[in-house]
Amino acid sequence: MTFYIGRESSKLWKRICAEITTELNLLAENWKYLLAGLVFQYIHGLAARGVHYIHQPGPTLQDVGFILLPELGKDKAFISETLFTFIFVSFFLWTFHPFIFKSKKIYTVLVWCRVLAFLVASQFLRIITFYSTQLPGPNYHCREGSKLARLPPPNSMFEVLLINFPRGVIYGCGDLIFSSHMIFTLVFVLTYQKYGTRRCIKQLAWLLAIIQSFLIVASRKHYTVDVVVAWYTVNLVVFFIDKKLPELPDRTGGASLLLPLTAKDKDGRTKEENHKLLNGNSGDPADWRQRTQVNGKILEDGNTVHADGAMNGA
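According to this note's numbering, numbering within the sequence shown proceeds without interruption in unit steps and concludes at 455.
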């Protein structure tokens with residue numbers, strides 16, 4: 142038993158080391174994209190902090206979701222955040238599963254490059270939208286009479302740049318259309334839908350996304366329009382951005398490629414393989430022999446082989 146555990150531990154450690162080496166090579170090639178995506182997360186937070194300064198509290202707007210869904214209240218508002226945290230952590234851990242498990246379909250660095258591209262495009266549209274029109278926030282701390290509904294003028298630029306993290310992120314107001322929580326949730330679900338392997342988890346992920354939508358409205362963190370706009374905007378963004386990005390290499394077939402092939406490389410490889418097949422040659426150099434076909438029989442090295450094994454003319 143001890144020998145078995147030691148052997149499996151050794152295999153796991155070798156797998157982790159090999160995966161780290163591969164991912165470090167990919168990171169050296171793609172670190173600029175990852176860094177740009179992470180920097181934009183800060184810019185997005187800065188923009189959300191800025192709109193809080195100009196937020197005007199007012200009466201809550203009429204909303205279909207508020208009418209149909211019972212209000213959770215302040216004491217149960219954590220339910221929505223708890224579910225979002227579960228979705229975020231689960232997806233984060235899944236992107237690192239190739240370091241542990243044998244079934245390797247994705248490269249962690251390349252997946253996060255795509256995820257950040259989806260997030261940046263969606264958040265850019267979100268910034269434009271909530272700066273275009275500021276709605277009175279429906280959340281409890283954004284309503285009239287709350288001290289947090291509008292921020293006092295900053296004492297220095299340093300105070301703005303720090304965005305009062307994390308309190309400034311949790312208690313923001315004015316950045317409504319469209320929901321940031323739904324951006325992350327839908328990007329994660331759509332990514333797993335494409336690269337995940339377990340059908341039951343995909344179905345569960347979509348169910349959790351729907352539940353998350355209802356909880357956001359029920360906790361009065363967003364209007365229903367914020368959630369609805371997020372659903373079709375994020376799906377469209379992911380659809381069009383995904384078409385522009387190079388496809389990830391599939392690791393299930395044992396491919397050793399570290400980066401996806403370009404369209405030109407794919408076309409060249411396809412033409413080469415088709416040419417070999419038409420000439421009767423396989424990809425193995427040892428099998429590159431001239432072959433001709435005579436009376437339905439294959440001639441190799443000048444000999445015609447019959448079905449019964451006899452030589453031609455014998």
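Built from N, CA and C at the ideal position, the CB exists for glycine as well. Quick caveat, the model's predicted, so the values are computed rather than measured.
Just mark residue i as buried or exposed, buried being the case when its beta carbon has 16 or more other beta carbons within 10 Å.
i, result
"D216", "exposed"
"Y373", "exposed"
"R223", "The amino acid at residue 223 is misidentified as Arg; the sequence shows Thr. Exposed: under 16 other Cβ atoms inside 10 Å."
"Q353", "buried"
"A290", "buried"
"F259", "buried"
"L349", "buried"
"G313", "buried"
"R339", "exposed"
"S151", "exposed"
"T274", "exposed"
"G315", "buried"
"L202", "exposed"
"C158", "exposed"
"A169", "exposed"
"F271", "buried"
"F380", "exposed"
"F233", "exposed"
"H322", "buried"
"L209", "exposed"
"I304", "buried"
For the candidate residues the options, whose alpha-carbon lies nearest to that of residue i?
i, options, result
"R162", "I208, G191, L176, Y248", "Checking the sequence, you will find Thr at residue 162 rather than Arg. Nearest C-alpha to T162: Y248."
"A177", "L257, T338, H196", "L257"
"P277", "I311, F259, I318", "I318"
"G134", "S287, L167, P387", "In this structure the chain extends from 142 to 455, so residue 134 is not present and cannot be described."
"I457", "L153, F207, R190, L213", "Coverage of the chain is limited to positions 142 through 455, which leaves residue 457 absent and any answer about it impossible."
"Y364", "K384, Y333, Y281", "Y281"
"I357", "A159, E212, F271", "E212"
"V250", "V379, T332, N171, R156", "N171"
"E285", "V375, I157, H196, E300", "H196"
"R361", "W154, S221, N166", "S221"
"F110", "L187, G337, K155", "This structure does not reach residue 110, given that the chain is present from 142 up to 455, and the question cannot be answered."
"N376", "A359, T338, Q334, R339", "Q334"
"A219", "A359, V370, F380", "Residue identity check: residue 219 is Phe in the sequence provided, not Ala. Checked all of A359, V370, F380; the closest Cα to F219 is A359."
"D204", "P387, A371, D367", "D367"
"W154", "I208, K173, K243, V378", "K243"
"H193", "L202, V369, V301", "V301"
"L331", "D383, P387, E388", "D383"
"G206", "V369, V379, N305", "V369"
"L386", "W253, E160, N305, L210", "W253"
"E160", "Y336, I268, K245, V379", "K245"
"S320", "G337, I268, Y336, F233", "I268"
"W235", "L303, Y336, I351", "Y336"
"K173", "R255, C283, A371", "R255"
"G214", "N166, P279, E164, L175", "P279"
Note the first and the last residue of the continuous alpha helix (DSSP H) segment covering residue i.
i, result
"D383", "365-385"
"A346", "340-359"
"F242", "Where F242 is concerned, there is no enclosing alpha helix (DSSP H), given that its DSSP letter is neither H nor E."
"L327", "321-336"
"Y272", "249-273"
"G206", "205-209"
"I228", "219-236"
"L289", "Where L289 is concerned, there is no enclosing alpha helix (DSSP H), given that its DSSP letter is neither H nor E."
"L302", "298-303"
Tell me, please, whether the CB atom of residue i is closer than 8 Å to any CB atom in chain D?
i, result
"C314", "This model lacks chain D altogether; it includes just one protein chain."
(message) Contact between the region 225-239 and the region 314-330 is defined here as three or more beta-carbon pairs at a separation below 8 Å; is this criterion met?
(response) yes
(message) Pairs of beta-carbons, one from the region 180-200 and one from the region 257-270, closer than 8 Å: are there three or more?
(response) yes
(message) With three or more beta-carbon pairs closer than 8 Å as the criterion, would you say the region 379-393 touches the region 235-246?
(response) yes
(message) I'd like to know if the region 291-306 and the region 343-361 are in contact, where contact means that at least 3 CB-CB pairs between them fall below 8 Å.
(response) no
(request) Kindly provide the ranges of any beta strand (DSSP E) runs that are 3 or more residues long and lie completely inside the region 159-207, ordered along the chain. (result) none
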